[in-house]
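When we follow our numbering, the leftmost residue of the sequence shown carries the number 46, and every step to the right adds one. Don't be surprised by glycine CBs; every beta carbon is placed ideally from N, CA and C. Scroll down for the structure; my scribbles are underneath it.
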Amino acid sequence: MQKARIGEIDTGAGLRTPGESLTIAQQLQAANKRIKELEKKNRELEELNEFLE
46 MQKARIGEID TGAGLRTPGE SLTIAQQLQA ANKRIKELEK KNRELEELNE FLE
């Protein structure tokens, strides 16, 4: 809730509570982390595929 007060979280102009916005922000952060992990794995697999060709 402190993050919402200092403007680090967009609460959707009153449509969400600060707690809900924090949960959404945490989910977004986790999704972004997962995307980075998958992109890294994809690059590794592409490099291995090139080597094996």
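Check: Own chain partners of residue 83 with C-beta closer than 7 Å, once the 5 adjacent residues on each side are dropped; Outcome: none
Check: Residue 92 versus residue 67: straight-line alpha-carbon distance, rounded; Outcome: 38 Å
Check: Exposure of residue 51, with buried meaning 16 or more beta-carbon neighbours within 10 Å; Outcome: With a pLDDT of 48 at residue 51, under the threshold of 50, the modelled position of that residue is not reliable, and no figure is offered here.
Check: Residue 62: CB within 8 Å of a non-hydrogen atom of the ligand MG; Outcome: Absence of the ligand MG from the depicted structure is noted, as is the absence of any ligand whatsoever, leaving it without description.
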